[in-house]
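Read the structure below first, then the notes.
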Amino acid sequence: MRPTATVLVYSDDASTREQVRLAAGRRPAADVPPVEFLECATLPAVLSALEEGGIDVCVLDGETAPAGGMGVCRQIKDEIFQCPPVLLLIGRPQDAWLATWSRAEAAVTHPVDPVALTDALAGLLRRRLSVGA
């Protein structure tokens, strides 16, 4: 097992980024490595971090402005070679179709539910790390 996994968290709201960090904890599941968080508040920061590499999963806030997480997800799926899996934070369950449009691998609703977020994040980490990407 790798020593750590890197999770990029994108939101213009510092409290949302904190909610994700606190909900996921240091290790979302016993069978995945501990996580380190890279927080980004702007689209250029996200793109720069992804270009540098080393990101295992992205958590994108769909309610971020001006570049919302859904649009960012679709953009990085088109532009980043071997883009890491994406977990979208959506405003309401009815927005799940938009998460599908954006090509996100998983979605959970605001406010952050620790159980749902941890389950989704651990699942994406398992899939990403088992592929060896």
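First residue of the sequence shown: 38, per the working numbering; consecutive thereafter. The beta-carbon is built from N, C-alpha and C at its ideal position, and this holds for glycine as well.
Remark: fewer than three beta-carbon pairs, one from each stretch, lie closer than 8 Å, so the stretch 105-113 and the stretch 59-67 are not flagged as touching. The beta carbons of Leu-166 and Val-69 sit about 7 Å from each other, so the pair counts as a contact at 8 Å. Taken through DSSP and simplified to helix, strand or coil, Cys-110 comes out as helix.
For Val-57, the enclosing alpha helix (DSSP H) stretches over residues 51-61. Within the DSSP bridge table, the entry for Glu-73 names Thr-43 as partners.
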